[in-house]
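Protein chains: 2
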Amino acid sequence: MHDPKLWDKDSVESQNIAVVDMCQYMNTHRGVYDVVKSIADFGVGIVKNVPATVEHTQEVVQQIAHVQHTMFGGMWEFSDQLVHNDTAYTHQALGAHNDNTYFTEAAGLQVFHCLQHDGEGGETLLVDGFRAAYELQQTHPASFQRLSTIPIEAEYLEAGKHYFSMDSVLKLHPVTKKLQQIRFNLYDRAPMRTQPPDQIPQLYEDIHLLAAKVKDSQGEWWLKLHPGTVLFVDNWRVLHGRASYTGLRKMTGCYIGRSDYISKATVLGII
Amino acid sequence: MHDPKLWDKDSVESQNIAVVDMCQYMNTHRGVYDVVKSIADFGVGIVKNVPATVEHTQEVVQQIAHVQHTMFGGMWEFSDQLVHNDTAYTHQALGAHNDNTYFTEAAGLQVFHCLQHDGEGGETLLVDGFRAAYELQQTHPASFQRLSTIPIEAEYLEAGKHYFSMDSVLKLHPVTKKLQQIRFNLYDRAPMRTQPPDQIPQLYEDIHLLAAKVKDSQGEWWLKLHPGTVLFVDNWRVLHGRASYTGLRKMTGCYIGRSDYISKATVLGII
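Going down the list, the sequences are from chains A and B.
All residue numbers for the first sequence refer to the UniProt record's numbering, where the first residue is 1 and numbers rise by one.
All residue numbers for the second sequence refer to the UniProt record's numbering, where the first residue is 1 and numbers rise by one.
Here you go:
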């Protein structure tokens, strides 16, 4: 099994996260290999010099896999129009989180491309969720154990939709017992209806301890996305957020299914 | 939690599986409700009098959710052209199976519509996988226990693709411990590389015992799909197969994601 290379604020810049020119990425085996290898190692890969359009972003995505279609569509575009009941569709700051904790299977990768920003702020925040979880395992092994076994509920509500999932915050590989997924999202949490009431305070304390690891500024990688830079994030490992912003900011992007990403990384001999 | 109503060959015809006219299904709350309720109860629902085109089939699908896109595309069409390395793309008989055991999450629902068949055979086989699994639990509880806990491997290979998943054949709900999913597919099995060698014969025996329940003719519901009939199958519960056939047979259909089906059934107040 492929072992992730953990990073924090200090180490991330020296850890050879791939930043590959679109021309090389689209036309050479090595270009795609380097980006997928970077995603497998660090949960992050970047393609640069991409024309700032939805269509070119989609071309970049399709070198890895087809676009996953969800209730948000295939390729999405958003600014601060609240077209879904989702905090992403605002200009507010967002704490680091994983997407789709309310799906029975969260998207494997997330793709971001800032097409335009006439204003200030909006920096992207990335946090290595596996580092945060393994730090919790070191300092509070019982909390890690509970968070990797006790299923809790997440949900998403808007008119005509009610997504719901119940799973542990940390998911371990069934054979190796190594960390396979982190599902951390304080925005999409639902009431804890299935836990014995006397155990709920402990579970909140466990989540609080994990949240402290996630929110530790030592783990925060802040970067400013400019038009031309397509960012791939492993949504099973890396949490993302953003600073609040002013002005008009247009983003595009999409999800890639977990199976499809794994297939590509397997064919390339990376995992 | 919604309890499935188990069925076999004798009981299925009397169990009120929904067969809803397209006009009612497209235009009334009750029409969609009856089909989704039937899928939740029996793992099967039918819409009839649908024009035999891909486009009309898609309209029927979209009353429940958007089309799930996979490596096979969105709405698919096939006859016996082997465009993928998949037994579905032949004229051979297929034993009852679940699709996508090699995905990290199998599709929630599968949709079938026979657009044309000039020939003989090709009857559709459906088997209630939950009935088969619960019968195994009655006769061989230790086998049920192993099949619901020991992860085994499934894979799919074609040029440029290598899908792979490791999970138990039977999956229980994390809280209620009731059966949540069956992943039964003898075509997509991979070598058992993660089990201790001395336990593999026992696991093969367990799978053999479950296969006997699945293949018991008492559990087989055979039906002939004609143009106009759109069949929804819960791919987490019901296994499907078909008889061999002669002549030209054109099928269309698609997958619906598990989360999207659950959202619809939840909004309708069914689960």
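Idealized CB from N, CA, C, for every residue including glycine.
Owing to the predicted nature of the structure, the values given are computational and were not obtained by experimental measurement.
Run through DSSP, which three-state label would residue i get?
| i | result |
| --- | --- |
| L268(A) | coil |
| Y261(B) | helix |
| D3(A) | coil |
| E205(B) | helix |
| G129(B) | helix |
| I200(A) | helix |
| K178(B) | coil |
| R237(A) | coil |
| E135(A) | helix |
| V36(A) | helix |
| D10(A) | coil |
| D216(A) | coil |
| M18(B) | The sequence shown places Ala at residue 18(B), not Met. Residue state, collapsed to three classes: coil. |
| residue 276(A) | The structure shown does not extend to residue 276(A), since chain A is modelled only from 1 to 271, so the question has no answer here. |
| D167(A) | strand |
| A190(B) | coil |
| R242(B) | strand |
| L223(A) | strand |
| A96(B) | strand |
| G31(A) | helix |
Answer with yes or no whether the minimum CB distance from residue i to chain A is below 9 Å.
| i | result |
| --- | --- |
| R189(B) | no |
| L66(B) | First, the residue type needs correcting, since residue 66(B) is His and not Leu in the sequence shown. It does; some Cβ of chain A falls within 9 Å. |
| M166(B) | yes |
| H91(B) | no |
| T70(B) | yes |
| H162(B) | yes |
| G108(B) | yes |
| T194(B) | yes |
| P151(B) | yes |
| G74(B) | yes |
Note down, in chain order, each residue of its chain lying with its Cβ closer than 7 Å to the Cβ of residue i, except the 5 sequence neighbours on either side.
| i | result |
| --- | --- |
| W7(B) | Q15, F42, D128 and R131 |
| D188(B) | T101, Y102, A154, E155 and Y156 |
| G228(A) | K48, N49, V50 and A52 |
| L172(B) | S148, K178, L179 and Q180 |
| G31(B) | V20, Q24 and Y25 |
| V54(A) | M75, E77 and T252 |
| V12(B) | W221 |
| S38(A) | I17, A18, V44 and G45 |
| K5(A) | Q15, D41 and F42 |
Please tell me whether residue i has its Cβ less than 9 Å away from any Cβ of chain B.
| i | result |
| --- | --- |
| R30(A) | no |
| Y102(A) | yes |
| P174(A) | yes |
| T252(A) | no |
| S259(A) | yes |
| P4(A) | no |
| V20(A) | no |
| V267(A) | yes |
| N105(A) | Sequence check: residue 105(A) is Glu here, not Asn. Chain B, which has a Cβ nearer than 9 Å to the Cβ of E105(A), makes this yes. |
| P197(A) | no |
Which two residues bound the contiguous alpha helix (DSSP H) that contains residue i?
| i | result |
| --- | --- |
| M26(B) | M22 to N27 |
| S143(A) | P141 to L147 |
| T57(B) | V54 to Q62 |
Taking 8 Å as the limit between beta carbons, can you name the residues of its chain near residue i, skipping five residues before and five after?
| i | result |
| --- | --- |
| V67(A) | Q58, V61, G74, M75, C254, Y255 and I256 |
| P191(A) | E153 |
Report yes if the CB atom of residue i is closer than 9 Å to the CB atom of residue j, and no otherwise.
| i | j | result |
| --- | --- | --- |
| I270(A) | H2(A) | yes |
| S263(B) | Y163(A) | yes |
| L239(B) | S143(B) | no |
| Y245(A) | E120(A) | yes |
| H113(B) | L231(B) | yes |
| V233(A) | L126(A) | yes |
| K9(A) | G122(A) | no |
| G160(B) | S259(B) | no |
| I207(A) | V169(A) | yes |
| A106(A) | N235(A) | yes |
| I182(B) | A243(B) | no |
| T124(B) | G241(B) | yes |
| Q137(A) | K250(A) | no |
Examine the ligand PLP and report whether any of its heavy atoms sits within less than 8 Å of the Cβ of residue i.
| i | result |
| --- | --- |
| Y261(B) | Only the bare structure without any ligand can be found here, which leaves the ligand PLP out of the picture. |
Does residue i come within less than 9 Å of chain E when only Cβ atoms are used?
| i | result |
| --- | --- |
| I262(B) | Of the chains in the structure shown, none is chain E; the protein chains are A and B. |
Between which two residues does the beta strand (DSSP E) holding residue i run?
| i | result |
| --- | --- |
| V47(B) | V44 to K48 |
| I150(B) | No beta strand (DSSP E) contains I150(B), which DSSP labels as neither H nor E. |
| V111(B) | L109 to D118 |
| H173(B) | Neither: H173(B) is in no beta strand (DSSP E) and is coded neither H nor E. |
| E77(A) | W76 to F78 |
| M251(A) | L248 to I256 |
| A159(B) | Where A159(B) is concerned, there is no enclosing beta strand (DSSP E), given that its DSSP letter is neither H nor E. |
Within its chain, find whatever has a CB closer than 6 Å to the CB of residue i; leave out the 5 residues flanking it on each side and keep chain order.
| i | result |
| --- | --- |
| Q145(B) | none |
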